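Heads up, the thing below is written out as structure tokens.
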Amino acid sequence: MRKLFSRTDIFIIIGVIVLSFIFLIPNVFKNDELIAQVYADGEIVKEFNLSEIDEETVFCPNENIVISVRNGAIRFSSSSCKDELCVNSGWLTAKGQTAACLPQKVVITIKGAGKTDMITY
């Protein structure tokens, strides 16, 4: 009867597993600084460093929009627009994410200090 794996096969499998963990370690311990930018009518109204926010705060760029900010996340809390798609977009927590309230002309984007590898929509 023949063995399923030879000694060489086991060394190759262990080597591939070890190499995959070595390449994964920098991504796990990466601590990018996330900056949320709030635009109203095409101009930056406010910037938040999401890693420095200690408690949840509320910001109103105009009288019709309420934005909530907490440690590592930002979102539209409420809006006076009809369908509230901006509120349904939820919490933005990663570099490259964007939410917009088109009727009120307010956009939230998250920027980071590191290089963007890939964004998929």
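Okay, so the sequence shown: first residue is 0 according to numbering that gives the first Met the number 0, each after it adds one.
Beta carbons are placed, not taken as given, at the ideal position from N, Cα and C, and that holds for glycine.
From a predicted model like this one, the values you see are computed outputs, not experimental measurements.
- Annotation: V37 to I24 spans about 32 Å, alpha carbon to alpha carbon.
- For C85, the enclosing alpha helix (DSSP H) begins and ends at L84 to N87.
- Among the bridge pairs identified by DSSP, K94 is matched with none.
- In the three-state reduction of the DSSP assignment, L3 falls in the coil class, being assigned neither a helical nor a strand state.
- Assigned with DSSP and collapsed to three states, L23 falls in helix.
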